[in-house]
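Asks: Structure in structure tokens, see below.
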Amino acid sequence: MTTFRSLLRWTAPLALAAFAFSAAAQTPTPTLRIGFQKSASLLTFQKHNGSLEKKLAALGANVKWVEFPAGPQLLEGLNVGAVDVGFVGEAPPIFAQAAGAQFVYIGFDPAAPQAEAIVVPKGSALKSVAELKGKKVALNKGSNVHYLLVKALEKHGLKFSEVQAVYLPPADARAAFERGAVDAWVIWDPFLAAVEKQSGARLLQDGKGIVNNYAYYVAERGFAGKHPQLVQALFEDTQAQAVALKANIKTAAAVIAPLQGLAPDVVELSLQRYEFGVKPLTPAVAAEQQKIADTFHALGLIPKPIKVADALPGAAGRATVAEAAR
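If you want the working numbering, it's the position in the sequence shown, counting the first as 1, plus 484.
Here it is, written out as structure tokens:
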């Protein structure tokens, strides 16, 4: 007759094995959720190629791409836990930080000052930024180009209040620009390349010598600390894809164009104005971001001053940025 003790001796190992299998089955596979905008050409190229999926699979992790219409919505998605990492321009993180969002800057793309500009219609009589005084200028409020316009006017001895700012998103701004409802438009690529190629818009002033036009990788603060290996894998793959894109821009443009709904020559022009390749945030770059934040506060665009250093990972980084800003 089988005793209870002998039965336990046979069944206990099986029960433990079943428990271990069940626990393993319930352990979720790490997933890197990336917030991106379709206008972010390198990430669009990277997503299409599926290279990151292969790289993270080797680490036992997955990738989920989440598309947003613009940077502010992406930062909100990051703040509410919908994504872990995002790629945005200079302005959205400043507004997000002012609103109390919890994120950290984890990397940046090199300056691309020629990828944003003030343009006028082909037949416009305007020849310089100084002539914008009293004119209607379309722009996306609180965006990178808002800062470009402020600094360009300043360079030519004008205050922002001396032009008539018309706040419109890109699609509406282009419509207003082409029907002559505004005198100038401040816009970024690929919208800039599109209006140049398709309607013959003329550059009045790009960002060269005035602004940097950096782009930033940001992460939910907790995720950045818990999964540095996934962030590192993302950056390694991004670097590899940047090299491939820049090595053959024409081929890359042909891939990206239908994904962005643009003509290949428009995308090609846009790609030529960017120097892709993520780098760790430096004190000097963070100090430049602080200047934008201070300008936006002075303009009343954000309700309170912020310290960009507070959104850097680690107290040491904050101290270094404070030193660089002096």
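Glycine included, every Cβ here is placed at the ideal spot set by N, Cα and C. The model shown is predicted, which means the values in this text are computed figures rather than measured ones.
#1: Hey, how far is the Cα of residue 709 from the Cα of residue 626?
#2: Let me know the secondary structure DSSP gives residue 792 once reduced to three states.
#3: With a Cβ-Cβ cutoff of 8 Å, do residue 686 and residue 606 count as a contact?
#4: According to the neighbour-count rule (16 or more other Cβ atoms, all chains shown, within 10 Å of its Cβ), is residue 525 buried or exposed?
#5: Name, in chain order, the residues that DSSP records as bridge partners for residue 721.
#6: Would you report the Cα separation of residue 604 and residue 716, rounded to the nearest angstrom?
#7: Would you report the Cα separation of residue 619 and residue 704, rounded to the nearest angstrom?
#8: DSSP on residue 688, reduced to helix/strand/coil?
#9: What does the alpha-carbon distance come out to for the pair residue 753 and residue 581?
#10: Whole angstroms are fine: how far does the CA of residue 567 sit from the CA of residue 641?
#11: When we look at the beta-carbon of residue 670 and count the other beta-carbons within 10 Å, is it buried (16 or more) or exposed?
#12: Spatial neighbours of residue 481 within its chain, please: C-beta separation below 8 Å, excluding the five flanking residues on both sides.
#13: Over what stretch of residues does the beta strand (DSSP E) that includes residue 587 continue unbroken?
#14: When the distance is taken between beta carbons, is residue 677 closer than 8 Å to residue 629?
#15: Helix, strand or coil for residue 757 per DSSP?
#16: With C-beta atoms as the reference, is residue 585 less than 8 Å away from residue 563?
Replies: Taking the structure as given:
#1: 30 Å
#2: helix
#3: yes
#4: buried
#5: Answer is none; residue 721 lacks a bridge partner.
#6: 42 Å
#7: 41 Å
#8: strand
#9: 33 Å
#10: 43 Å
#11: buried
#12: Examination of residue 481 is not possible in this model, given that the chain is present from 485 through 810 alone.
#13: 587-593
#14: no
#15: coil
#16: yes
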